[in-house]
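Down below is the structure, laid out as structure tokens.
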Amino acid sequence: MERLLQIYGAEDQLERILALRKEARQPDRWQPYDLERSYRTYANIESQATSIESYQSQLIPGITQTEAYARAAIEATLHPTSDVNREIEVRLERQRVLSSKSPPEFWLIVTEGALSQQVGGAEVMAEQVEHLIDLSQEPNVTLQVLPFTAGAHVAIRIPAFVIMRIAQHGITTVYTEGQTASMFLTDQEDLDEYGTIFNRLRAASLDEGNPSREALKRIARYHRQRKD
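Sequential numbering from -8 applies to the sequence shown in my numbering.
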């Protein structure tokens, strides 16, 4: 990561990002999983976050995936020699944060396209969407659906990003992920830009609560009918 920051002319961010990674380390619960460094950093920050704002246009985010959906997604996107069972175990372990004693405020915006994509087949998708319906009723979870009718929107060229805050340490970071690299952004200009993008996505999405929940129910019924 240090080398990438230097290549892209972001030396001024290096010290803050390294401090963020150091601050996020716990007695290492992830060591048994032998995670790649940036993924371990992400998991540690996520597990300590007081708020998480997630936008996903292509996949259901890992922190909300069912085991069957996770398996289908991992098998499709990882190299065949990867340890799929280990990856699933990590994702399920990460999900514990949402039901912990002090869970983060979690706000998810997911596109209708991601909800409709047949990852793992119709039955897997029906169960996944129904799981999201259940999650949306938790007091610390807000879920919005960005419908097809939203048309061209502010994040149409952005596949996904996550804004995580650790309030007690005054830390905020934006995480973006690509096919071959991931980035943690802490520069205030970047934080402001992604915060604005997320707020505009909120405005373009169906309202949280019943409107988004009804859309989820409709999509779940669609998958159930496809299964039959």
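From the three backbone atoms N, C-alpha and C, an ideal C-beta is built for every residue, glycine too.
In the DSSP output, what is A151 paired with across the bridge? Paired residues: Q47.
The beta strand (DSSP E) spanning E66 covers which residue range? That residue, E66, is in no beta strand (DSSP E); its alpha helix (DSSP H) goes E58 to T68.
Nearest residue (CA-CA) to L176, options S42, Q135, M155 and G161: For L176, the nearest C-alpha among the options comes from M155.
With DSSP as the reference, label L137 as helix, strand or coil. Note: L137 maps to strand in three-state DSSP.
Leaving aside the five residues before and after P95 along the sequence, list all residues of the same chain whose C-beta is less than 6 angstroms from its C-beta, in chain order. Cβ neighbours of P95 beyond the five flanking positions: A40, T41, S42 and I43.
Tell me whether the region 75 to 86 and the region 160 to 167 touch, counting them as touching only if at least three CB pairs, one residue from each stretch, are closer than 8 angstroms. Fewer than three pairs of CB atoms, one per stretch, sit closer than 8 angstroms, so the region 75 to 86 makes no contact with the region 160 to 167.
Please determine if the region 111 to 125 and the region 139 to 151 are in contact, where contact requires at least 3 C-beta pairs separated by less than 8 angstroms. The region 111 to 125, when compared against the region 139 to 151, does not touch it at the 8 angstroms Cβ threshold.
Which of helix, strand or coil does DSSP assign to S38? Helix at S38.
Does the beta-carbon distance from E103 to T57 come in below 8 angstroms? 8 angstroms or more divides the Cβ of E103 from the Cβ of T57.
Looking at V115 and the ligand ADP, is the gap between the Cβ and the nearest heavy atom below 7 angstroms? Because no ligand of any kind appears in the structure shown, any question about the ligand ADP cannot be addressed here.
Between the C-alpha atoms of R62 and N76, what's the straight-line distance to the nearest angstrom? Cα to Cα, the separation comes out at about 8 angstroms.
If you reduce the DSSP assignment to three classes, tell me which class I(-2) lands in. Since pLDDT at I(-2) reaches only 45, below the 50 mark, its modelled position is unreliable, and no value is offered.
Looking at G111 and A59, is the spacing between their C-beta atoms short of 8 angstroms? Contact flag set, yes.
Measuring alpha carbon to alpha carbon, tell me which of Q170, E78 and V136 ends up nearest S48. With distances taken between Cα atoms, S48 lies closest to V136.
6 angstroms CB neighbourhood of A206 in its chain, flanking five on each side removed: The beta carbon of A206 sits closer than 6 angstroms to those of V136 and L197, all from its chain and outside the five residues before and after it, given in chain order.
Looking at the secondary structure, which residues open and close the alpha helix (DSSP H) in which L83 lies? L83 -> alpha helix (DSSP H) spans V75 to R85.
Applying the criterion that 16 or more other CB atoms from any shown protein chain within 10 Å of the CB defines a buried residue, is T68 buried or exposed? Of the other Cβ atoms in all chains shown, fewer than 16 fall within 10 Å of the Cβ of T68; this residue is therefore exposed.
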